[in-house]
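In mature numbering (1 follows the signal peptide of the UniProt record, and there is no 0), the protein residues as written are -21 to -1, 1 to 97.
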């Protein structure tokens, strides 16, 4: 009986970890807005600033997209290369660089809530 309980407990832990893991997508369908996090990496630490950003409604992985964000009261138009799209629930993260196990440096990321993906 104790073995069965231990096995059931281990199974629940393993499957719960799988269900909350990030997944990767090839396309994001967005509401057209998100939050841009611009990361500045320094030798010892990194810092970031957030901006509300306007983005396209359909964003494919591996493409350059046009965006607009407000900085110091002015609208800035720029581009953003989407190196990868990670997802968790209805949150999509558009990464400018793919996360790596060899680097702990964060990269610029656009966070999109109420996102659908393929």
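No residue lacks a Cβ here, since even glycine has one placed at the ideal position from N, Cα and C.
On a predicted model such as this, the values are computed, not experimentally measured, just so you know.
Assumed close pair residue i, residue j - CB separation to whole angstroms, cut-off 8 Å
| i | j | result |
| --- | --- | --- |
| residue 99 | residue 18 | The structure shown has nothing for residue 99, since the chain only spans -21 to 97. |
| residue 44 | residue 96 | Rounded, the Cβ-Cβ distance is 15 Å, inconsistent with contact. |
| residue 89 | residue 55 | That pair is no contact at about 14 Å. |
For residue i, three-class secondary structure by DSSP
| i | result |
| --- | --- |
| residue 57 | strand |
| residue 13 | strand |
| residue 34 | coil |
| residue 7 | strand |
| residue 92 | strand |
| residue 73 | strand |
Buried/exposed call for residue i, threshold 16 Cβ in 10 Å
| i | result |
| --- | --- |
| residue 114 | Outside the displayed span of the chain (-21 to 97) sits residue 114, for which this structure offers no information. |
7 Å Cβ shell around residue i - same chain, five flanking residues per side excluded
| i | result |
| --- | --- |
| residue 37 | 6, 8 |
| residue 42 | 61 |
Contact with chain B by residue i, beta-carbon distance below 8 Å
| i | result |
| --- | --- |
| residue 67 | No chain B is present in this structure, which holds just one protein chain. |
Residues of its chain near residue i, where Cβ-Cβ distance is below 6 Å and the 5 sequence neighbours each way are ignored
| i | result |
| --- | --- |
| residue 66 | 2, 4, 96 |
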